[in-house]
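Once you know that position 263 of the sequence shown is 263 in the UniProt record's numbering, the rest is easy, because the numbers rise by one and skip nothing. Quick reminder that beta carbons are idealized off the backbone N, C-alpha and C, glycines included. Shown next, in structure tokens, is the structure this report addresses.
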Amino acid sequence: MVQRIDVTAADGVRLAAWEFRDPPAGARQPAVLLLHGLMGRALHWAGTAAWLGEQRRVVALDQRGHGQSEHPVTNGAAAPGGIRDLDGPTGFGQPPAPAAPVPSLGREAFVADAEAAIEQLGLGPVVLIGHSMGALTGWQLAARRPDLVRALVICDMRASALGEASQQEWEEWFRRWPLPFPTQDAARRWFGEDDPRVERPDPGRGAFFAEVMHQASDGWRPLFSRRQMLTARETWVHDAHWEELAKVRCPTLVVRGLDGELGRAEAQEMVRVLPAGQYAEIPDAGHYVHYDRPAALRAVLEPFLDEVADLASR
Numbered sequence: 001m002v003q004r005i006d007v008t009a010a011d012g013v014r015l016a017a018w019e020f021r022d023p024p025a026g027a028r029q030p031a032v033l034l035l036h037g038l039m040g041r042a043l044h045w046a047g048t049a050a051w052l053g054e055q056r057r058v059v060a061l062d063q064r065g066h067g068q069s070e071h072p073v074t075n076g077a078a079a080p081g082g083i084r085d086l087d088g089p090t091g092f093g094q095p096p097a098p099a100a101p102v103p104s105l106g107r108e109a110f111v112a113d114a115e116a117a118i119e120q121l122g123l124g125p126v127v128l129i130g131h132s133m134g135a136l137t138g139w140q141l142a143a144r145r146p147d148l149v150r151a152l153v154i155c156d157m158r159a160s161a162l163g164e165a166s167q168q169e170w171e172e173w174f175r176r177w178p179l180p181f182p183t184q185d186a187a188r189r190w191f192g193e194d195d196p197r198v199e200r201p202d203p204g205r206g207a208f209f210a211e212v213m214h215q216a217s218d219g220w221r222p223l224f225s226r227r228q229m230l231t232a233r234e235t236w237v238h239d240a241h242w243e244e245l246a247k248v249r250c251p252t253l254v255v256r257g258l259d260g261e262l263g264r265a266e267a268q269e270m271v272r273v274l275p276a277g278q279y280a281e282i283p284d285a286g287h288y289v290h291y292d293r294p295a296a297l298r299a300v301l302e303p304f305l306d307e308v309a310d311l312a313s314r
């Protein structure tokens, strides 16, 4: 069973949350909230949610601007670098009423959305599992609202600043996308094999991006606006996030793919900074750990979650 549950953000943006199966009767383990990364969607967690849901309630959130959540119409301005030509049709979201607060794609908005989901769906204190940008949202929320987060899993997200060069590289990368793709399989092949950023065939990456494509009138296009993705990324790519990480007091597992974006030295330093940090490394996995090695990810998550459940029952 897949059930959609609507959540209303503080600024009125409509968010889609998803339960992939009925919660088990009499579940005693803490509920789980799954947060995808930039350009992702809740559906990316379907495989993980299937086994997590055997013993606990599990909800995945389509974050604003992603999936079937509303795509906020901000002020209409192009993101830094003049990228008006990068915004594509998504089919979701309407402009807010003139008197409504102007929706945002900044860090505060993403954190507030996760907070709203936990409170409106009665999940807290929750185990929050985040991938990439979703992991950053998770530790920012855990630092600010420790009452809502019982434990945290950070999947392949850096705490250091990436800088303007990284942002410019992303803009140029977006411009190279050969949109529209004639088929969804063509999108899978390009992102998994033909993308210049791919050094060797990466089926997990191809599958990840294929699932964020939808069929438009002229072919297959992303569910999101590339311009909005750059705008959202602009709000965190220039900053380091070590100070907020150090404020996370709950048990936290830092997971990296051996070939992912989070290097081993930085991941181990993140664990050192965290008051209750643990470390796990997934061999033969890149940035998209939950696609590359789902069984290996489960093998490192289950002992951590069992430990969290034991602490919660005391």
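Backbone CA spacing between residue i and residue j [nearest angstrom]
i             : j              : result
alanine 267   : aspartate 218  : 43 Å
aspartate 6   : arginine 14    : 7 Å
histidine 71  : glutamine 140  : 22 Å
isoleucine 83 : aspartate 259  : Residue placement at isoleucine 83 is poorly supported in this model, since its pLDDT is 39, which falls under 50; the coordinates are not used for a value here.
alanine 142   : arginine 150   : 8 Å
glycine 134   : glutamine 215  : 26 Å
threonine 252 : aspartate 62   : 23 Å
aspartate 239 : glycine 26     : 43 Å
proline 275   : cysteine 250   : 8 Å
glycine 76    : glutamate 19   : Caution applies to glycine 76, whose pLDDT of 41 falls short of 50 and renders its modelled position unreliable; the value that the coordinates give is listed next. Answer to the nearest angstrom: the Cα atoms are 33 Å apart.
alanine 309   : glutamine 120  : 22 Å
glutamate 307 : arginine 175   : 45 Å
arginine 28   : methionine 1   : 21 Å
proline 201   : glycine 286    : 12 Å
glycine 124   : arginine 107   : 21 Å
leucine 311   : glycine 277    : 15 Å
glycine 257   : proline 24     : 31 Å
valine 300    : glycine 130    : 15 Å
glycine 122   : proline 196    : 44 Å
arginine 264  : histidine 66   : 29 Å
glutamate 54  : valine 237     : 36 Å
arginine 314  : valine 126     : 16 Å
methionine 39 : methionine 229 : 7 Å
alanine 50    : glycine 37     : 19 Å
alanine 295   : proline 103    : 38 Å
Rounded Cβ spacing between residue i and residue j (contact assumed at less than 8 Å)
i                 : j             : result
threonine 235     : leucine 105   : 7 Å
valine 271        : tyrosine 279  : 5 Å
tryptophan 220    : glutamine 168 : Actually they do not touch by this definition, with Cβ atoms about 27 Å apart.
arginine 189      : glycine 163   : Contact flag wrong, Cβ pair sits at about 31 Å.
residue 317       : valine 58     : This structure cannot speak to residue 317, because the chain is shown only from 1 to 314.
aspartate 113     : arginine 41   : Not really, about 14 Å apart at Cβ, beyond 8 Å.
isoleucine 282    : arginine 293  : 5 Å
leucine 35        : leucine 128   : 7 Å
leucine 43        : glutamate 211 : 6 Å
phenylalanine 209 : alanine 186   : Going by Cβ atoms, the distance from phenylalanine 209 to alanine 186 rounds to 11 Å, so no, they are not a contact pair.
Residue i versus the options, residue with shortest Cα-Cα distance
i              : options                           : result
tryptophan 173 : Ile154, Ala285, Gly134 and Asp194 : Asp194
threonine 231  : Trp45, Pro23, Glu171 and Ala49    : Glu171
arginine 56    : Leu305, Arg314 and Leu311         : Leu305
proline 178    : Arg200, Gly257, Phe208 and Met213 : Met213
residue 318    : Glu108, Arg233, Gly257 and Trp242 : Lying outside 1 to 314, the shown extent of the chain, residue 318 is not represented and no answer is given.
aspartate 284  : Ala186, Gly122, Leu123 and Gly204 : Gly204
glutamate 261  : Val198, Ala246 and Leu34          : Val198
glutamate 302  : Phe191, Thr48, Gly12 and Met39    : Thr48
glycine 138    : Phe208, Gly122, Ser225 and Phe110 : Phe110
glutamate 115  : Ala46, Pro196, Pro180 and Asp11   : Asp11
alanine 31     : Asp22, Met39, His241 and Leu38    : Asp22
glutamine 68   : Trp242, Phe181 and Ser225         : Ser225
proline 182    : Ala246, Pro222, Ala296 and Gly257 : Pro222
alanine 161    : Glu243, Lys247, Arg4 and Arg227   : Glu243
histidine 241  : Glu269, Val255 and Gln228         : Glu269
glycine 192    : Val126, Tyr291 and Ile118         : Tyr291
alanine 159    : Tyr288, Val248 and Ile118         : Val248
leucine 33     : Met39, Val73 and Ala117           : Ala117
arginine 145   : Phe209, Ala187, Met229 and Leu245 : Leu245
glutamine 3    : Pro180, Ala46, Val73 and Gly130   : Ala46
valine 255     : Met229, Val289, Gln228 and Gly122 : Val289
arginine 227   : Val73, Arg264, Ala295 and Val126  : Val73
C-beta neighbour in chain C for residue i, strict 9 Å
i             : result
tryptophan 45 : Any reference to chain C falls outside this structure, which holds one protein chain only.
Which ranges does the beta strand (DSSP E) cover as unbroken runs of at least 3 residues, wholly within the segment 257–291, from first to last along the chain? Taking only runs of at least 3 residues, the beta strand (DSSP E) segments lying wholly in the segment 257–291 are 277–282.
Sequence ranges, beta strand (DSSP E) only - wholly within the segment 199–261, length at least 3: 213–216, 219–222 and 252–257
With three or more beta-carbon pairs closer than 8 Å as the criterion, would you say the segment 152–161 touches the segment 118–134? Judged by pairs of C-beta atoms under 8 Å, the segment 152–161 touches the segment 118–134, as three or more such pairs exist.
Report the start-end ranges of each beta strand (DSSP E) in the segment 120–201 that is 3 residues or longer and not cut off at the edges. 126–131 and 149–155
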